[in-house]
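In full-length UniProt numbering, the protein residues as written are 1 to 90. Working notes, beginning with the structure itself.
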């Protein structure tokens with residue numbers, strides 16, 4: 001499984017729509033304001049097309065950026081979020 005960072009510009013209903021779409025493909029994910037970190041076996045391109053389709057079906061548009069995470073640095077995450085990330089990129 002790989003980790004993919006999904007950055008988006010959606011409001012709360014749009015962010016929920018993206019999260020719901022992620023559950024169709026992902027083993028697990030972490031929700032952050034304006035982004036998701038997705039653990040999945042699919043490629044960044046496949047996830048992009050899947051999320052774009054979910055937005056289109058809901059009549060929404062917006063920016064999506066999806067990139068693999070091989071390593072990361074952070075500040076301000078909860079201990080639970082830090083542990084979730086560490087366990088997946090170790």
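For every residue, glycine included, the Cβ atom is placed at its ideal position computed from N, Cα and C.
Reference residue 70; option with closest CA among 63, 55, 39: Closest in C-alpha terms to residue 70, from the list 63, 55, 39, comes 39.
Residue(s) in a DSSP beta bridge with residue 39: Partner(s): 3, 28.
Spatial distance of residue 87 from residue 80 (CA atoms): Their Cα atoms are separated by approximately 11 Å.
For residue 77, the three-state DSSP class (helix, strand or coil): Correct three-state label for residue 77: coil.
CA-to-CA distance, residue 51 to residue 32, given in whole angstroms: For the pair residue 32 and residue 51, the Cα-to-Cα distance works out to about 17 Å.
Under 7 Å between C-beta atoms of residue 35 and residue 7: A contact, by the Cβ cut-off of 7 Å.
DSSP bridge partner residues for residue 67 (one or two, in chain order): Residue pairing from DSSP places residue 67 in a beta bridge opposite 5.
Boundaries of the alpha helix (DSSP H) in which residue 19 is found, first to last residue: Looking at the DSSP string, the run of the alpha helix (DSSP H) that includes residue 19 is 12 to 23.
Distance, residue 54 Cα to residue 17 Cα: As the crow flies, the alpha-carbon of residue 17 is around 7 Å from that of residue 54.
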